[in-house]
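**Student:**
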Amino acid sequence: MINLFCTQKLIAKLPVNEGVISACSDAKLTDLSTPNTHPLSDWHANLLTIQRRNCVLLMHNQTRFPVFIIGLTKPDFAKLDFLFADSFMNTLLKVGATNQQLQKAASLLGPLTIAKANNRSVQGTMNQMKGDIEYQLWFDQINIMDCSPYRTAAWLAERPCMVKGQKDCIWPIKEMLALLS
8 MINLFCTQKL
18 IAKLPVNEGV
28 ISACSDAKLT
38 DLSTPNTHPL
48 SDWHANLLTI
58 QRRNCVLLMH
68 NQTRFPVFII
78 GLTKPDFAKL
88 DFLFADSFMN
98 TLLKVGATNQ
108 QLQKAASLLG
118 PLTIAKANNR
128 SVQGTMNQMK
138 GDIEYQLWFD
148 QINIMDCSPY
158 RTAAWLAERP
168 CMVKGQKDCI
178 WPIKEMLALL
188 S
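Here the sequence shown is numbered in our numbering, starting from 8 and rising by one per residue.
(1) Tell me, please, which residues DSSP counts as bridged to Phe12.
(2) Looking at the structure shown, is Thr41 part of a helix, part of a strand, or coil, going by DSSP?
(3) Spatial neighbours of Ala112 within its chain, please: CB distance less than 8 Å, with the 5 preceding and 5 following residues excluded, ordered by chain position.
(4) Between Leu11 and the rest of its own chain, which residues show a CB-CB distance below 6 Å, the 5 nearest in sequence each way excluded?
(5) Quick one: measure Cβ to Cβ for Leu54 and Lys86, integer angstroms, because I've assumed they're closer than 8 Å.
(6) Terminal residues of the continuous alpha helix (DSSP H) containing Asn97?
(7) Compute the Euclidean distance between the alpha carbons of Ala185 and Asn134, then round it to the nearest angstrom.
(8) Assuming Val74 and Ala161 form a contact by the criterion Cβ under 8 Å, report the distance between their Cβ atoms to the nearest whole angstrom.
(9) Provide the residue(s) that pair with Pro22 in DSSP beta bridges, ordered along the chain.
(10) If you compare alpha carbons, which of His45, Leu79, Ile9 and Arg59 is closest to Pro156?
(11) In whole angstroms, what separates the C-alpha of Met169 from that of Ser128?
(12) Go ahead and pull the three-state DSSP assignment for Leu64.
(13) Confirm, please, whether the CB-CB distance from Ile151 to Cys62 is below 8 Å.
(14) Would you report the Cα separation of Gln130 and Met136, rounded to the nearest angstrom?
(15) With a threshold of 7 Å on Cβ separation, who are the neighbours of Gly76 within its own chain once the five nearest residues in sequence on each side are excluded?
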């Protein structure tokens, strides 16, 4: 089970029923106050509007590893769990994950459980990444729909991130691959 802490804007778009996306019938509601034990359990997500398109930026709480989904329409929000798993695995491929790391990631993926965002440090990092995406699109004069979401997420993961309470910065690619090893 993946705990997805969403912003209010994203929760308003999701077809959520008791904390679970309606299209995901096999999902079970968990108590999000107790930490989940597996390494991929906690993510934050934010709905971004870039060039009048709905995009979702997801970020792993511990490693700050981003996943980027572009051009969502209303029916796409109902299958966010599938889109997340697909984007996450393809982003791992882009950053050079080994077959063993990919298999471990696939085994840890599960249905999404939705809750309200609670970590402002992660939200701040997501806002910085949103600014980086917007600047890159403006600088290269690219349409958001012409971008590869997997390559964009890999590009965002190549930079250091600060984590509240830690002195040193972390590198999302290095941290995620170490987590999956």
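Where a beta carbon is used, it is the ideal one built from N, C-alpha and C, also for glycine.
Nothing here was measured: the structure is a model prediction, and the numbers come from that model.
**Tutor:** Well, looking at it:
(1) In the DSSP assignment, Phe12 forms a beta bridge with His51 and Ala122.
(2) Because Thr41 carries a pLDDT of 49, less than 50, the predicted location of this residue cannot be relied on, and the following value inherits that uncertainty. Per DSSP, reduced to three states, the secondary structure at Thr41 is coil, with no helix or strand assignment.
(3) Leu47, Phe95, Met96, Leu99, Ala104 and Leu187, listed in sequence order.
(4) Cβ-Cβ distances below 6 Å link Leu11 to Trp50, Ala52, Leu119 and Ile121 in the same chain, with the five nearest sequence neighbours on each side left out; the list follows chain order.
(5) The Cβ separation is near 16 Å, so there is no contact.
(6) Annotation for Asn97: the continuous alpha helix (DSSP H) segment containing it runs Leu87 to Lys101.
(7) If I take the Cα positions, the gap works out to 25 Å.
(8) Contact doesn't hold; Cβ gap of about 10 Å is too wide.
(9) In the DSSP output, where bridge partners are listed per residue, Pro22 has none listed.
(10) That would be Leu79, whose Cα lies nearest to the Cα of Pro156.
(11) Straight-line Cα distance between these residues: approximately 9 Å.
(12) Of the three classes helix, strand and coil, the one that applies to Leu64 here is strand, per DSSP.
(13) For the pair Cys62 and Ile151, the CB atoms are nearer than the 8 Å cut-off.
(14) In this model, Gln130 and Met136 are separated by some 10 Å (Cα to Cα).
(15) A small correction: the amino acid at residue 76 is Ile; Gly does not occupy that position in the sequence shown. Close CB contacts of Ile76 within its chain, under the 7 Å cut and outside five residues either way in sequence, are with Cys62, Val63, Leu90, Ser94 and Pro156 (chain order).
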